[in-house]
Structures are given as C-alpha cells and as structure tokens.
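Read through the structure below, which is laid out as structure tokens, and then see the notes.
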Amino acid sequence: MDKRREYIINILANKYYCFLNTLDFNDMLFMKGIHEGKGKFLANLHIYLATKDLPVKWNDKRYSTDYVTPAALKVLKTNRVSGLEYEHVIPKKKYIQDICEQKAKDGTLTEDFIRSLLDRYLWTATVTSQEHKSLPRRMPLNWDQENIKARYEEAGINLEPHERSYIR
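Structure (structure tokens):
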C-alpha cells in the first residue's frame, strides 16, 4: 500500500471506530437524528483527508481519486471538473458501513477490522457523467469479492490508476 493511502486508511479506521462506538444504537430517536451524519461520516472524512494537501486550484475530490477513466482524465488535465463524477468503486454502504455498524451493535467491532475492510473496499474513481449513468448501482451477482473493478468491467468502462503528476 502506498504511504498516502496507508496514512488515510489508518486515520479513517481510527476515527470511524471512535465514531461508531459513540452511537447509541438502541435509542431509536437518536439514531433517526444521526442517520444522515452516520451515512456521510466516512465519505466526508475520506474526502477531507484525500484533498487537504492538493494545491488550491486543484482542490476538488475528483482530483483525489484512486482510479480514473481515460475520458475523465482528459477533462481533469484541463483543470476542469464539469461533467465528471466522483464514485466509490465498491458501494460503501453495503460492503463497509453496514458491516461495521452491525459489529458495533454487537460489540465486536475493532479498529483492525475496519482498517482491513477499508483497505480492501474503499477505493474511489473519477468518471464522466455519461459513464456514471451506464454504471450498475450494485456489484455483479457473481462477484468474487476480490475484483474491485467488476462493476466497471460489466459496464465496459476502463479504470486506470489515477496518476496525479499533472497536478501542479
């Protein structure tokens, strides 16, 4: 794992663990009130950590992703983000949040568990709006839980590592 990703994953695991352990899952009114914040906590912190060191004119979440499509990269290199979407490669609610929340409810959640789940499934991509529209919302039924690009392959969308050397 590269140093930048390792740094981000470690902080996310720690803060998400602390956050989930503060929630009173048995208090229905509390959980209704925190619902939106609970759903956005991980994504918001991830975006903050991934973008905080980007130069001001390049400080947008679409420049911070792990992967990019060739068409999206072309747009990014012009220092524009119009017509581009920020995506979680693996749907984070089902494969990260729901699992961590259940373990927090059961009292079995650990920071190491979160770290391993984030390392495995927390990947982001920048795609064009058109590519976004053609992307299935769920992982393929026969997904092996290893190939993180399966949804994109199913839609015929090529993802490449997001090499950010063009950012200055």
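Counting from 952, one number per residue, gives the positions in the sequence shown under this note's numbering.
Using N, Cα and C, we set each Cβ at its ideal position, and we do this for glycine too.
Here the structure is a predicted model, which is why all the values come from computation and not from measurement.
Please state if the CB of residue j and the CB of residue i are separated by a distance shorter than 9 angstroms.
{"i": "residue 1016", "j": "residue 1076", "result": "yes"}
{"i": "residue 1069", "j": "residue 974", "result": "no"}
{"i": "residue 1055", "j": "residue 981", "result": "no"}
{"i": "residue 1115", "j": "residue 1042", "result": "no"}
Hey, residue i and residue j are a contact pair by Cβ (cut 8 angstroms); roughly how many whole angstroms apart?
{"i": "residue 1129", "j": "residue 1034", "result": "Since the first residue of the chain shown is 952 and the last is 1119, residue 1129 is not available in this structure."}
{"i": "residue 1000", "j": "residue 1014", "result": "14 angstroms between Cβ atoms; not a contact."}
{"i": "residue 996", "j": "residue 1052", "result": "No, residue 996 and residue 1052 are not in contact; Cβ-Cβ is about 16 angstroms, not under 8 angstroms."}
Would you report the Cα separation of residue i and residue j, rounded to the nearest angstrom?
{"i": "residue 983", "j": "residue 1119", "result": "43 angstroms"}
{"i": "residue 1023", "j": "residue 1047", "result": "26 angstroms"}
{"i": "residue 1018", "j": "residue 969", "result": "28 angstroms"}
{"i": "residue 1081", "j": "residue 1036", "result": "9 angstroms"}
{"i": "residue 1009", "j": "residue 1117", "result": "10 angstroms"}
Give me, in chain order, the residues of the same chain whose beta-carbon lies closer than 8 angstroms to that of residue i; leave out the 5 immediate sequence neighbours on both sides.
{"i": "residue 965", "result": "1062"}
{"i": "residue 1091", "result": "1101, 1102 and 1105"}
{"i": "residue 1086", "result": "1038, 1078, 1102, 1103, 1106 and 1108"}
{"i": "residue 959", "result": "997, 1000 and 1001"}
Take residue i and list the residues in its own chain whose beta-carbon comes closer than 6 angstroms to its own, dropping the five residues that flank it on each side.
{"i": "residue 967", "result": "993 and 1065"}
{"i": "residue 1021", "result": "none"}
{"i": "residue 1040", "result": "1074, 1076 and 1099"}
Considering Cα atoms alone, identify which of the options is closest to residue i.
{"i": "residue 1072", "options": "1087, 973 and 1044", "result": "1044"}
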